[in-house]
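Numbering (this note's numbering), first residue to last: 5 to 463.
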């Protein structure tokens, strides 16, 4: 499937990740936490349940990290920071959800009590003598906390892009130095699902802790992102980024704020790159199911195949400003499929077969998702339906009468699909209104729905 070696994690890290999963299970939460409904407003009871349990999960995870790396380690210090601000982040985000108000408001205006407590907590962290060494070695985190402290009363929408830019730049600095990355990715994803402008108008508190891979894997990921940039460049001659994007790739181990709804696997930054946490991939089981239904052996590098797909997808977001938020996902998915299938066409029939199966398993997931009228949900649905239908229409995947699948590694059909996807991508970048309207009206075929209905990997 791929000639890039899959990352092999250190035994100690694997033990820590297993402990984090056990901690979630102990407190009655799935790992990783996934969206509880297509509309976030429809799952408030579940969010409340998570709100009550997350402080315990963060505390026990911080202890596990300290045990794994030592109390004076950078990892333990970063975990203390996330644990300390996490409870207030949860409360502020929950207040935002309850109010269902997408007008620009500061955190203090949403909920003054946890916001005031957040500010005092940050001041206490900054003055904590036991963290002096940590902040000396991680000035980025010290600066992040100063930004958050000043942000509490900020409601000037014209400044929010600048603030998020600096937070992202600081996180990237940590990643490049192979330090634990404290990610404050503040956006309006849940509060403004149909946002039409690129500019952020209010901020959902969101925090994650991402631990870097061991040095050789870290460098391999940097090289791989560089290759993906070269592959994507011809499709985006006028990239939107303010600077060449960086991929922050590592193991996500702690979460707070809007992560109550769903632990984010991959996310594009607001202008500087993307983050990706392979350890919480939610689609591995679904992919394995497709291989099994097609009577195919699951390749050893299937995880790396998923990593490649996510890297191309999230990196693609860095290159363009969508003319319509509903087609943002399919715009980057077209180049993702073009690049991945193009690479497979240079390999063996087995490589091509495995790639088709992987793509089909990934895109099948949202085929039967309900249409919500909200861009941040329907965008995935549109891309999922379109890609699934194309793989069926080009007879690269066939459903048999007994429910099993057959994969056809037909090179001529694959080349024809790649050409048509390139044509579609060009129309989307130009903002072709007829194409966009057709995509927004798309619905799955009966065959696609039948396959999705029997897809036991659906979570």
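Just so you know, even glycine gets a beta-carbon here, dropped at the ideal spot from N, CA and C.
Contact annotation, residue 177 with residue 208: C-beta distance approximately 23 Å; criterion of less than 8 Å not satisfied.
Taking the Cα positions, residue 141 is about 25 Å away from residue 21. Beta bridge pairing from DSSP links residue 211 with 260.
Between residue 198 and the set 388, 383, 414, the nearest pair of CA atoms involves 383. For the pair residue 102 and residue 53, the Cα-to-Cα distance works out to about 14 Å. Residue pairing by DSSP places residue 348 opposite no residue, since no beta bridge is assigned to it. Where residue 410 is concerned, the enclosing beta strand (DSSP E) starts and stops at 409-411.
Remark: C-beta atoms of residue 70 and residue 80 approach each other more closely than 7 Å. The continuous alpha helix (DSSP H) containing residue 60 extends over residues 48-73. Only residues of its own chain outside the window of five on either side were considered, and among them 321, 326, 379, 383 have a CB closer than 8 Å to the CB of residue 332, listed in chain order.
Taking residue 328 as the centre and dropping the five residues before and after it, the same chain places the C-beta of 440 closer than 6 Å to its C-beta, in chain order. Per the DSSP secondary-structure output, residue 279 pairs in a beta bridge with 252, 271. If you compare the alpha carbons of 394, 49, 229, 369 with that of residue 457, the shortest gap goes to 369. Under the three-state reduction of DSSP, residue 221 is assigned to helix. Straight through space, the alpha carbons of residue 88 and residue 343 are spaced by roughly 42 Å. Counted as a single uninterrupted DSSP element, the alpha helix (DSSP H) harbouring residue 84 occupies residues 78-103.
In the DSSP assignment, residue 187 falls within the unbroken beta strand (DSSP E) covering 185-187.
Taking C-beta separations shorter than 8 Å and ignoring five residues to either side along the sequence, the partners of residue 429 in its chain run 239, 335, 338, 339, 342, following chain order. Between the alpha carbons of residue 414 and residue 403 lies a gap of roughly 16 Å. In the structure shown, residue 216 adopts extended strand secondary structure according to DSSP, grouped into three states. Taking 7 Å as the cut-off, the beta carbon of residue 98 is found no closer than this to the beta carbon of residue 152. Collapsing the DSSP output to three states places residue 191 in a strand.
For residue 403, the pairing in a beta bridge is given by DSSP as 409. The beta carbon of residue 273 sits closer than 6 Å to those of 172, all from its chain and outside the five residues before and after it, given in chain order. When secondary structure is reduced to three states using DSSP, residue 375 falls in the coil class, being assigned neither helix nor strand. Buried is the label assigned to residue 312, since at least 16 other Cβ atoms lie within 10 Å of its Cβ.
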